[in-house]
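A short worksheet on the structure shown next.
Number of protein chains: 2
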Amino acid sequence: MNTREFKSSLYKQLALVTKSLSNHHRLEILDLLAQGSFSVEYIAEHANMSVANASQHLQVLKKSGLVDTTRDGKYIYYQLFDERVLETWRALRQLGLSQNHEINMLLEDYQKRKDQLYLINSDQLLQKIQSNEVYLIDVRPKEEYNLGHIKNADSLPHNQLKERLQELPTDREIVAYCRGPLCLMADEAVNLLNKKGFNAYRLDSGFDDWLAENKPVEKREMNTLTKNKE
Amino acid sequence: MNTREFKSSLYKQLALVTKSLSNHHRLEILDLLAQGSFSVEYIAEHANMSVANASQHLQVLKKSGLVDTTRDGKYIYYQLFDERVLETWRALRQLGLSQNHEINMLLEDYQKRKDQLYLINSDQLLQKIQSNEVYLIDVRPKEEYNLGHIKNADSLPHNQLKERLQELPTDREIVAYCRGPLCLMADEAVNLLNKKGFNAYRLDSGFDDWLAENKPVEKREMNTLTKNKE
DNA sequence: TTATCATTCAAAGATTTTATTGAATGAAAT
DNA sequence: ATTTCATTCAATAAAATCTTTGAATGATAA
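Protein chains in written order, with the working numbering: chain A, 10 to 239; chain B, 10 to 239.
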């Protein structure tokens with residue numbers, strides 16, 4: 010094997026990793042796995058795929074070393090291989106968000122209001138939490154809340170919001186947060202709440218960023234994602 | 010458009026970026042562009058492709074926002090869009106290197122010697138440069154050296170090494186460096202030099218990492234890559 | 001041991017991606 | 001105005017990726 014062939018093999022190997030990132034379903038899966046570990050069934054349902062298809066995509070991710078599995082009872086749980094995968098995914102997602110005009114258009118479109126974005130960043134939120142100025146709700150599915158959530162947040166899954174409005178305070182700001190910047194559940198929640206007369210904002214990032222920024226969380230060890238291999 | 014369709018569009022847009030990273034030729038191009046801006050012709054030659062093929066791959070990268078072009082005379086120069094692309098590429102490359110056993114096997118194979126790796130890291134190198142203990146050679150093509158190089162390095166392109174051995178000192182360590190960790194020219198140089206009786210090491214990373222670490226360089230402004238748009 | 005059921009596999013057709021070829025463009029230089 | 005030539009385009013065939021379907025696996029729980 011000459012130098013040229015060696016070089017080509019190297020980049021082909023590297024491309025195994027990037028190829029596994031090149032499919033939109035797999036990106037959605039990764040974004041979900043940034044929240045914790047889940048069974049194939051859960052992933053298929055929450056990323057809107059058939060179980061067989063999800064299984065195949067998960068195997069691609071596993072073969073490239075981005076995710077790993079553990080079995081518990083009759084379920085196989087998939088998780089990100091380690092923190093570096095989370096870090097790299099966040100960098101990539103951030104790059105895509107900043108570079109791609111279309112995405113920003115889509116997000117703005119979705120939020121419908123260009124002028125008042127009702128956004129709050131993580132530092133502002135942290136401050137308000139500490140001075141007890143906000144009521145913080147986690148609109149992700151309960152399962153994900155249970156795996157870990159922002160300190161002092163209450164779980165109020167997006168699909169139960171309408172029926173549980175009376176649990177919310179009217180005398181304080183409400184902040185809703187979600188998985189990450191691409192997660193739309195928080196947008197919908199904030200939209201609804203403001204329509205109903207509440208004073209609501211959304212966290213501009215999400216739980217995975219919060220975690221990566223080492224801000225206070227509950228119930229989830231920071232090293233949940235750490236592989237303790239061998 | 011409902012939420013599900015929105016979500017799907019978002020990830021599809023993001024996948025435009027990751028898809029453009031999913032081809033081994035394009036990875037090699039990115040790795041080259043981490044050194045500076047080059048014409049289509051130069052890129053085609055140094056990444057071992059036909060010009061038409063390189064042009065098409067470059068257009069994919071451009072459409073996804075990862076690279077940009079400027080014209081100078083009759084050449085069109087492609088460059089990374091901004092520092093964030095370089096950062097993200099380095100993170101991705103690092104992840105691939107650490108995750109992929111095959112790549113490490115290939116690199117070890119290439120270096121042929123598992124026990125003595127003749128590697129030196131950038132901090133060690135910097136120290137030795139400052140105390141004048143090493144003779145540092147840049148084995149990349151002269152064009153790339155001219156765009157910028159490690160302070161105090163001399164240019165000795167890989168393909169001229171054999172004929173110019175007499176220029177090298179025998180009383181000092183020699184350190185060779187190259188584009189990045191995947192660049193094999195430094196390995197070959199170190200191999201040859203040690204065979205010829207010199208005391209040679211290679212920098213374990215490369216010029217792009219050196220630059221990203223803000224270590225001293227010559228001739229290239231740190232913001233060569235900065236887009237000054239509009 | 002047997003039944004259950006979450007997950008994976010295998011095959012096939014549809015879609016997308018890729019390399020090659022030769023021609024077309026169009027900016028710069030003469 | 002014309003020529004040059006770096007780059008891009010367009011068409012095609014080959015290769016790879018993706019989704020669906022229904023069946024197979026194989027670990028767990030009974």
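Note that CB positions come from ideal geometry on N, CA and C, so glycine has one too.
According to DSSP, what are the bridge partners of B:Asp81? B:Tyr84
Assigned secondary structure, B:Asp163 (DSSP; H/G/I helix, E/B strand, else coil): strand
Give me the Cα-Cα distance between B:Arg194 and B:Leu128, rounded to the nearest whole angstrom. Reading off the sequence shown, one finds Met at residue 194 of chain B, where the question assumed Arg. Taking the straight line from one Cα to the other gives about 14 Å.
Test: A:Tyr186 CB closer than 8 Å to a CB of chain B: no
With a threshold of 7 Å, establish whether the CB of B:Leu116 neighbours any heavy atom of the ligand FMN. Within the structure as shown, the ligand FMN is missing, as the structure has no ligands at all.
Please tell me whether A:Tyr144 and B:Glu37 are closer than 8 Å, where the distance is taken between their beta carbons. no
Indicate the three-state DSSP secondary structure (helix, strand or coil) for B:Val148 in the structure shown. coil
Alpha helix (DSSP H) runs contained entirely in the segment 188–228 of chain B, provided each spans 4 or more residues: 194–204, 216–221
Contacting residues, own chain, Cβ-Cβ under 6 Å from B:Lys151 (five flanking each side not counted): Ser164, Pro166
Name, going along the chain, the residues of the segment 22–48 of chain A whose beta-carbon falls closer than 9 Å to a beta-carbon of chain B. Gln22, Leu23, Ala24, Leu25, Val26, Thr27, Lys28, Ser29, Leu30, Ser31, Asn32, His33, His34, Arg35, Leu36, Glu37, Asp40
With a threshold of 8 Å between beta carbons, is A:Lys171 in contact with chain B? no
Any chain A beta carbon closer than 8 Å to B:Glu14: no
Looking at chain A, which residues of the segment 131–158 of chain B have a Cβ within less than 8 Å of any of its Cβ atoms? none
Should A:Arg211 be flagged as near chain B, meaning a C-beta pair shorter than 8 Å? no
Own chain, CB closer than 7 Å to A:Leu106, minus 5 neighbours either side, in chain order: Ile112, Pro190
What's the C-alpha gap between A:Lys72 and A:Gly157? 27 Å
For the segment 80–100 of chain A, enumerate the residues whose C-beta is nearer than 8 Å to any C-beta of chain B, in chain order. Phe90, Arg93, Val94, Glu96, Thr97, Ala100
Given this structure, state the Cα-to-Cα distance separating B:Ser59 from A:Asp132, to the nearest angstrom. 50 Å
Using the Cα positions of A:His66 and A:Gly82, report the straight-line distance between them to the nearest angstrom. 22 Å
So if I threshold CB-CB distances at 9 Å, which residues from the segment 100–111 of chain A count as touching chain B? Ala100, Leu101, Arg102, Gln103, Leu104, Gly105, Leu106, Ser107, Gln108, Asn109, His110, Glu111
Would you decide whether A:Gly206 is buried or exposed? Buried here means 16 or more other CB atoms lie within 10 Å of its CB. exposed
Can you tell me whether DSSP reads B:Glu142 as helix, strand or coil? coil
Near A:Val199, which residues of its chain fall below 6 Å by C-beta distance, leaving aside the five closest residues on each side in sequence? Tyr127, Ala185, Ala209, Arg211
So which residues of chain A does B:Glu197 contact, with C-beta pairs closer than 8 Å? Thr12
Using the Cα positions of A:Lys137 and A:Asp196, report the straight-line distance between them to the nearest angstrom. 20 Å
To the nearest angstrom, report how far apart B:His240 and B:Arg102 are at their CA atoms. Not covered by the structure: residue 240 of chain B. The range shown for chain B is 10 to 239.
Do you know offhand how far A:Ser31's Cα is from A:Leu39's? 12 Å
Look at the alpha carbon of B:Asn161 and the alpha carbon of B:Arg188, and state the distance between them as a whole number of angstroms. 16 Å
Considering Cα atoms alone, identify which of A:His55, A:Thr97, A:Asp77 is closest to A:Gln88. A:Asp77
List, from N- to C-terminal side, the beta strand (DSSP E) runs of 3 residues or more that fit wholly inside the segment 83–115 of chain B. 84–89
Suppose you measure from the CA of B:Ser46 to the CA of B:Thr12; what does that come to, to the nearest Å? 41 Å
Pull up the distance between the alpha-carbon of B:Asp15 and that of A:Ala63, whole angstroms please. The identity of residue 15 of chain B in the sequence shown is Phe, whereas the question assumes Asp. Their backbone Cα atoms lie some 20 Å apart in a straight line.
Closer than 8 Å, CB to CB, is B:Ser18 near chain A or not? yes
Proximity below 8 Å, CB of B:Ile183 to CB of B:Ile159: no
A:Lys28: buried (16+ other C-beta within 10 angstroms of its C-beta) or exposed? buried
Under 8 Å, do B:Arg93 and B:Ala221 count as touching if we go by C-beta distance? no
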